[in-house]
Structure formats: structure tokens, C-alpha cells
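Worksheet: one structure, shown below.
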Amino acid sequence: MQRIFSGIQPSGIPQLGNYLGAIRNWVNLQADHECVFCLVDMHAITVWQDPEKLRTQTLTQAAILLAAGIDAEKHILFNQSAVSAHARLAWIFNCVTRLGWLNRMTQFKDKAGKDRENHSAGLYVYPSLMAADILAYKATRVPVGEDQKQHLELANDIAQKFNHDYGVEFFPAVEALIPPAAARVMSLRDGTKKMSKSDPSAQSRIELTDDADTIALKIRRAKTDTGVLPADAAGLADRPEARNLVTIYAALADLSVDAVLARHEGEGFGPFKQALTDVVVSAIAPIAQETTRLMQDEAHLASVLRSGAQRAQAIAEPIVSEAEKIVGFLK
Ligand code: TYM
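If you read the sequence shown in our numbering, its first letter stands for residue 15, the second for the next number, and so on.
Structural data, given as C-alpha cells:
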């Protein structure tokens, strides 16, 4: 059985893009993989986080993932900082990674913008910690949204260079599992920007804890153009907001974009947004409800994460110890 690793930053409430790009896929992959799912709190602090909020959000995210269908008994769910192997391997990888490789990372460029000098060194070496997350478990398959593709290519470059520099065949190749539909869900306020849990506007995203009224309001206010829905996907070219809404509908209803358009061709956005609201509410509302229930027992959530961390540690420790021996650390 192949091992899966994936992670999500507890830097906010997961949104619909996290769900369609990653979480839904995680839930499905559990049937035939050995899965390790991680709340990457060390990645989250590459941008300053309020400490109390980070703690609460870590527990809330654990609750959301359990509510969405992650099975923390058969598989592993834990927070990254609880397993020190991640930090140790990340340091080794920082020494393998070339600056030129990091300079090419588009996510750093997007996040840092023009104000590069004022961002943390952690944000810059973020992808080498990500490679360490995956390779500390020798995981071979990584389900992510499209925005993480470049980071996974870098993880492969790091693994290969480590193997080459030390003359070993130690780290395996990593395969990105990117969903065929909705691999990049866009903001509801701007169809050219990715939907993000850290966008300052809460109106730009649907959060997995939103109730039906909030979802309806956000979809009603979502930016659209003045046209009607076209007959097929070709008619959505150059209409990023319309394309995004139809893509969300298609992914949640398990239909192709063309099939959705065949049903709604010629409709204005008023009625289409109503139909979309129904589809989103029926996917999200059960998760939100179960999350509220699980959040009533924070001690239980904390113990789920602790047990996950122990089991994660048992896998990662021998692998990272071996990597430390390979580079020549006296043990
Ligand atoms: P994060 O927290 O930004 O996002 C978690 C997952 O959600 C996907 N995603 C999206 N997919 C589609 N449309 C969107 N708008 C959207 N926004 C987010 C992301 O692609 C991701 O799969 N670097 C990672 C966390 C991480 C990780 C890892 C992932 C740390 N170590 C090791 C895989 C393996 C991140 O920031 O995710």
C-alpha cells in the first residue's frame, strides 16, 4: 500500500478551495492508502500568527477534518510541531536546496510581493520544510491543489540531489495527486485570484464552518459579469468569475462543466446562484454541524492529535535518524 502525506496550514478556517483541491481527495484516498495528514503549524508561523488563535485554529482544523471524513484511527492526523523529525530533516534539506531553486518559487514571489526584504527567512525556505514533511515518511503520493505543484517538483529535486550528493538511493520520488476538477478554486470577489483562507475579505471565500445563510449571502454577492450562462465550456473563456462558479458547481455535483451548462444554458446568474447555493450548502452544512459538535470536546481533539503525533513519530524517527547518519552526524 502506498503512503500518502499531505498538509494544511492552521492559519485560518479551511475554505472551499482547500476542500475541493485537497480535503475531499484525502477522504477518498483513505480507502486504499496508508495516510498521514498534518496540520502544518510550523509552516503557518512563516507569517506571524496570534499564538492563542493558532492554538484554537489547530483544534478547529482537526475538528473540521474529522467532520469531513478523515479517519484518525485507521490513519494519522497530527500537528507538525509535535514531531521534531520535520525540523531536523528540514535543516538538512536547507543545506541541499540551492538558492536558485528557491528564487524560482512563484508562491514566495506572490506572498512576498515587492516587499521581499521584510519577509521571514522561514517563508523563503518554506518549500524545503514541505519536502521534509513528505520525505520524513518516505511518502510517495501527495494529494494537493494545483498551487502546490511547483513545491512538489522541488521536493523531487531535493530528494534527488540528496541521493546524488551522498551516493545513496534513500529518498523516493514523490507524485503529486491533483484533482481533475477544481484544482484551483478562485476568489468569489476576483476570478483571477486564488480563493484563500488568509484573504483579508471573508466575502472572497466559503469557509467549511459557514452556515446556510452565510453561504447564500456570499454566493449572492459573488462577482459575476452581465452575461448569461453559455452552452458549453468554450463560452466561459475570458469570463473568470462565471467559470469559477460553474467549476465549483460541477466539482461538488460530480458533473462535467459541459453537463452543468447543458442544464443551465441561457440562465442569468440570479437563478444559477440559487442552484449553486443549494449544492454548496448540501456539501458544507453537514461538515459545519459536525464540527460544532466536535468542538465541544477540545480535550478529545487534543488527544486525537497527540495519538497521531506518537504514531507519526514512530514512522519518521528511524527515517530521519538514518538521513542524519548518511550526512555524517555522530549518533
Ligand atoms: P494550504 O494550507 O495553503 O492549503 C491546503 C491544501 O488546499 C489546497 N488549496 C486549494 N486547492 C484548490 N483551490 C484553492 N483555492 C486552494 N487553496 C488551497 C492546497 O493546494 C493544499 O493542498 N504548503 C501547503 C501545506 C503543506 C503541505 C506539506 C502539503 C505543508 N507541507 C506537505 C502537502 C505536503 C499549504 O500551504 O497548504
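Beta carbons: idealized from backbone N, C-alpha and C, even for Gly.
At least three beta-carbon pairs within less than 8 Å, the region 116-136 to the region 152-159: Of all C-beta pairs linking the region 116-136 to the region 152-159, fewer than three are shorter than 8 Å, placing the two stretches out of contact.
Residue 343 (DSSP reduced to helix, strand or coil): Looking at residue 343 - three-state DSSP - the assignment turns out to be coil, as it is neither helix nor strand.
Residue of 44, 180, 67, 94 minimising C-alpha distance to residue 110: 180
CA nearest to the CA of residue 124, picked from 182, 22, 208: 208
Chain-order list of residues whose beta-carbon lies under 8 Å from that of residue 41 (same chain, five-residue window excluded): Correct list, in chain order: 82, 83, 84.
Residue ranges of each beta strand (DSSP E) within the region 162-225, 3 or longer: 189-191
Pairwise C-alpha distance: residue 219 and residue 211: 7 Å
Identity of the residues DSSP links to residue 327 by a beta bridge: Bridge partners of residue 327: none, in fact.
Proximity test, residue 20 beta-carbon vs the ligand TYM heavy atom, cut-off 7 Å: Yes, Cβ of residue 20 sits closer than 7 Å to a heavy atom of the ligand TYM.
Three-state class that DSSP yields for residue 274 in the structure shown: helix
Continuous alpha helix (DSSP H) stretch holding residue 21: start and end: Here residue 21 belongs to no alpha helix (DSSP H); instead the beta strand (DSSP E) covers 17-22.
Contact under 8 Å by Cβ, residue 315 with residue 73: It is a contact, given that the beta carbons lie within the stated cut-off.
Cβ-based burial, residue 113 [other Cβ within 10 Å; buried from 16]: exposed
Beta-carbon proximity check, residue 336 vs residue 102, cutoff 8 Å: Going by C-beta atoms, residue 336 is not nearer than 8 Å to residue 102.
Runs of beta strand (DSSP E) wholly within the region 28-76 (minimum 3 residues, chain order): 48-53
Close-in-space but distant-in-sequence residues of the same chain around residue 71 (CB under 6 Å, 5 per side omitted): 24
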